[in-house]
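When we follow my numbering, the leftmost residue of the sequence shown carries the number 3, and every step to the right adds one. Quick notes on the structure that follows.
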Amino acid sequence: MTVPGRRSSTFSRLLRHGFTDPSAAERLLDSDELTPVRSDPVLLEALGATADPNLALLGLVRLLEAQPGPTRRELLDTLIAAKPLRDRLLGVLGASAALGDHLARHPRDWEALVTYEPRDLHPGVEEFERGLSGADDPVSLRIAYRRCLLSIAARDVCGTTDVAETAAELADLATATLRAALAIARAAAPEDAALCRLAVIAMGKCGGHELNYVSDVDVIFVGEAVDGADEAKALRSATALASHMMRVCSETTVEGSIWPVDANLRPEGRNGPLVRTLSSHLAYYQRWAKTWEFQALLKARPVAGDIELGEEYVAALEPLVWKAAERENFVADVQKMRRRVVENIPAAEIDRELKLGPGGLRDVEFAVQLLQLVHGRADAGLRSGTTLDALQALAAGGYVGRADAVQLDEAYRFLRSMEHRIQLYRLRRTHLVPEDEADQRRIGRSLGLRVEPVAELNREWRRHAAVVRRLHEKLFYRPLLDAVAQLAPGEARLSPEAARERLVALGYNDPAAALRHLEALASGVTRKSAIQRTLLPVLLGWFADSADPDAGLLNFRKVSDALGKTPWYLRLLRDEGAAAENLARVLSAGRLAPDLLMRAPEAVALLGDGDGGGLTPRGREHLEQEILAAVRRAENAQQAVTAARGVRRRELFRTAAADIVGSYGTETRPAEADEGALVDRVGGAVSDLTAATLAGTLRAVVREGWGDTLPTRFAIIGMGRFGGHELGYGSDADVLFVHEPPEGADERAASDAANRVVSEMRRLLQIPSADPPLLIDADLRPEGKSGPLVRTLNSYEAYYRRWSLVWESHALLRAEPVAGDEELGRRFVELIDPLRYPAEGLGEDAVREIRRLKARMETERMPRGADPKLHTKLGPGGLSDVEWTVQLLQLQHGWAEPGLRTTRTREALAAACAAGLISAEDAAILDEAWVLATRVRNAVMLVRGRAGDTFPSDGRELAAVGRYLGYSDGHVGDMLDAYRRSTRRARTVVEELFYGA
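This is the structure:
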């Protein structure tokens, strides 16, 4: 006996075997029905292996209670002796209360689980038809259906079949059931059966051979009159048969129902006739069908009735299915439909929705179906109605990454397994993950999660849902699909003839050369070629959106040749959102960005959407850290500066690519509306990059020549556009060099060291190499080219005190320390502030001198033959006009207005407006003209690959500048008119503010 207050040994054993209610289990084990096997350890072990041992034990006791005396002993003996039966029967009883109820009502049905022949492991439609053969009324059909379902569930919970095989068996059982139900309907109305041919077309999961345990069985009916019969009468007869067949399956009887038969996918849905002729179906799909109806037809499969008629139906509609992707807004329609499904889920259920919620089963199915419809036009191997088979075909064809396909496959199988276990418990149609912990425990254990079933189940579920959500967004919304879907028929796979036609239509100047590039890229049977064939039809369209499609394609071939053996390159373009379109824009926008890319093609990775930095410019601190780290690793100064220049080239590409993409826009993101922000981004990025490059070069030169410390403090002062954070792609670095020997040091040695530093820096930054040179211009120093290249701080102070001219104070407005000794740079700024922001402002003589210098520059420095009205720097209303006007205001009022004490033109202009020195309207006019002129200069450099201050004379280059500025083909005249108009208005303001007109 058990000592009071202590648990029995049986109670402890039950706990160890997974029973959550050991007390109830003890009472059941003590029942008379289990007396012969109560102490048999085999039974307890088997019960402990089930999803819910308590449920399995209760089901077993109920089954034994329902058995006649002799059969009960037979069942117990077989249960203990035959492991296959034990695992199957107890496995089902522990996973499904509904099937336990069925066995209690039909106690002899356990015998269906005894046989264990190979042919029983994977039954098909014929085996299930034999299992249903004796059913000639709705009740007996339900009993036979459950008996067959029992065997499917047994194989499922025991792991004999995987989730895909189970779903296929359920679809085959549904097929056999529809045939049996139709036979019952025919037998009840033989006169109707004699008048018509009726085909039952399975749709949805049944059609796709991937049915759930409990799901609507979607069908479409096709009817025809037999020879000599009246068509109208035949259709009425066919409708009566179809309706009766649906009732046989759907109506509730003493044995419940089987599942609803849903015919709402038919033409016109519930408002349309239940049965149509084949010609009527065809007419509807040709004229009226919506996009989703063609998507639904992907899974159409004749399953019952007149199979020959059903096959005719599928054959007639199949060509229409694979033309659906040619419909206007096809991809957008499918995506919109998926979003609508998610939006209609009640908020309280969305986090538990296994099928329709974000990261659910429908995400996988929609993504796969969309890819099938887009690419299946040209690749018949993709035309499967089964999700996992189609996914495998997409991966094999290169349409989906192999790793992505494996992850999607695993996630889909796990989610479908969860769905099966949830539905199997009560045989109810649901896709909600239960909130009750006991339910989650049973599901987790049924999936093999035994340590902490609830926690493990939720962790695995969330992990797989996150994978689906991430990959669904990458595949389903991949911008490539829109473009492929918009191609004319046959163009998703380019034949040579179609390619030539396409190239001519897109405006390629040299279709023959372009075709050679295409053949080199896409020929062959490798996976790489398959991916290229998927990408190229889309890329050609994006190249054609530029001013130079030929250059875009040629550059793409060069990049592909250079990166052809790297596994990530084509995967990036195929999978990473906007990467392919970004690359197309960059390669066809001009010479600079492709030239920078060709020198190190791996920089194409910057164009993706991942976490590798993307196209966002890096800040100066980050750049300086990277360059100084490279300098430390280098063996000598030349190697160090080569590394610094490599970083500069990569970052110039990043900046140029971001500028091009922002200016062109993409199909999912419009062009940057704030052109001033684009200009500021480029100016700031290039200026920071130049400063970091100079800092790294200075460190390298000092380290090689003097170790850690130079025998004089040394600073580099940025001037002009460099100091103003307004450098363009082709700008030189305007600088001043200042040094200061330590107290007691040899001044000549210090001066020699400073001059050697400057000379070596300039040499190293201009050594011919694959990286663009950085030219250092020190001509704004005191005495210009005639003066010493480097001065001490005291020398600057003496010069500015005695000899400084107005133009030098003017130039110092843009002075800002950029590298070297920070304290020395700060003291230099303190030295020059009184010069550039003179107390009480400029005198009249100084103002006249500045105006004279400006007028002289306009006449003397304008290139011969240039159109002054289109010269961005020196022309009327151009950069020089705006900058000199703003700088005059700084010289006059900077002493009193702190906001004017900035090296940046747009900042100073805004400060002048805020201080009331210029009206908001005039400030806006000057700002617009300055931004436009700067963008034109940037565009010229991007397009031509070399700096220029005027619009190109070559028509194609001019069109490329126009495209960068937002003007489409044929509108370069509008661009020039807009530029003249903007600068003309700016010149009027300059005349008033600068010249006092």
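All C-beta atoms, glycine included, are put in the ideal place defined by N, C-alpha and C. Computed from a predicted model, the values in this text were never measured in an experiment.
Fewer than three beta-carbon pairs drawn from the region 859–866 and the region 955–974 are found closer than 8 Å, and the two stretches are therefore not classed as touching. Excluding the 5 residues flanking it on each side, Glu314 has same chain C-beta neighbours closer than 7 Å at Leu280, in chain order.
A contact between stretches requires three or more CB pairs, one per stretch, nearer than 8 Å, and the region 851–858 fails this requirement with the region 824–837.
The beta carbons of Ile82 and Asp139 sit no closer together than 8 Å. In the structure shown, the three-state DSSP call for His741 is strand.
Two segments are said to touch when three or more pairs of C-beta atoms, one from each, lie closer than 8 Å; by this definition the region 254–261 does not touch the region 192–210. Ala100 has its alpha-carbon roughly 6 Å from the corresponding atom of Tyr427.
Per DSSP, Thr241 is not a residue of any beta strand (DSSP E); the alpha helix (DSSP H) it occupies stretches across Glu233 to Ser252.
The residues Asp736 and Arg816, in chain order, have a CB closer than 6 Å to that of Gly722 in the same chain once the five nearest residues on each side in sequence are set aside.
Judged by their CB atoms, Asp308 and Arg181 are not nearer to each other than the 8 Å cut-off. Within 10 angstroms of the beta-carbon of Ala922 lie fewer than 16 other beta-carbons, which makes it exposed. Ranking Gln768, Val323, Tyr666 and Pro672 by CA distance to the CA of Leu696 puts Gln768 first. In the DSSP assignment, Ala914 falls within the unbroken alpha helix (DSSP H) covering Thr907 to Ala916.
Two segments are said to touch when three or more pairs of C-beta atoms, one from each, lie closer than 8 Å; by this definition the region 746–761 does not touch the region 683–691.
Cβ neighbours of Arg385 within its own chain (closer than 6 Å, five residues either side excluded): Gly378.
Note that the C-beta distance between Arg783 and Glu742 is not below 8 Å. By the criterion of a C-beta distance shorter than 8 Å, Ala190 is surrounded in its chain by His246, once the five residues flanking it on both sides are discounted. Arg75 and Val370 have their alpha carbons spaced roughly 52 Å apart. Listed in chain order, the non-local C-beta contacts of Trp112 below 7 Å within the same chain comprise Leu65, Leu77, Leu91 and Leu105, local neighbours out to five positions each way being set aside.
By the criterion of a C-beta distance shorter than 7 Å, Gly383 is surrounded in its chain by Ala395 and Gly399, once the five residues flanking it on both sides are discounted. In the three-state reduction of the DSSP assignment, Leu375 falls in the helix class, which pools H, G and I.
The alpha carbon of Leu36 has as its nearest neighbour, out of Val219, Leu57, Leu62 and Ala58, the alpha carbon of Leu62. Counting other Cβ atoms within 10 Å of its Cβ, Asn638 stays below 16 and is therefore classed as exposed.
In chain order, Leu197 place their CB closer than 6 Å to the CB of Ala231, counting only its own chain and leaving out the 5 sequence neighbours on each side. For Leu630, the uninterrupted alpha helix (DSSP H) segment begins and ends at Arg622 to Arg635.
With distances taken between CA atoms, Cys251 lies nearest to Ala183 out of Ala912, Ala183 and Phe296.
Cα atoms of Ala553 and Glu959: separation of roughly 12 Å, rounded to the nearest angstrom. DSSP links Thr952 through a beta bridge to His873. The three-state reading of DSSP puts Glu257 in coil, since its state is none of H, G, I, E or B.
Excluding sequence positions up to five before and after Phe545, its CB lies within less than 6 Å of the CB of Pro551, Gly554, Leu555, Ala586 and Ser590, all in the same chain and listed in chain order. Secondary structure note for Leu200: its beta strand (DSSP E) is the uninterrupted segment Cys198 to Ala204. Per the coordinates, the alpha-carbon of Glu212 lies some 25 Å from the alpha-carbon of Ala291. Under the three-state reduction of DSSP, Thr12 is assigned to helix.
Between the C-alpha atoms of Ala405 and Arg447 there is a straight-line separation of about 28 Å.
According to DSSP, Thr794 shares a beta bridge with His741.
The beta carbon of Gly725 is closer than 6 Å to those of Arg816, Ala817, Glu818 and Thr905 in its chain, skipping five residues each way along the sequence.
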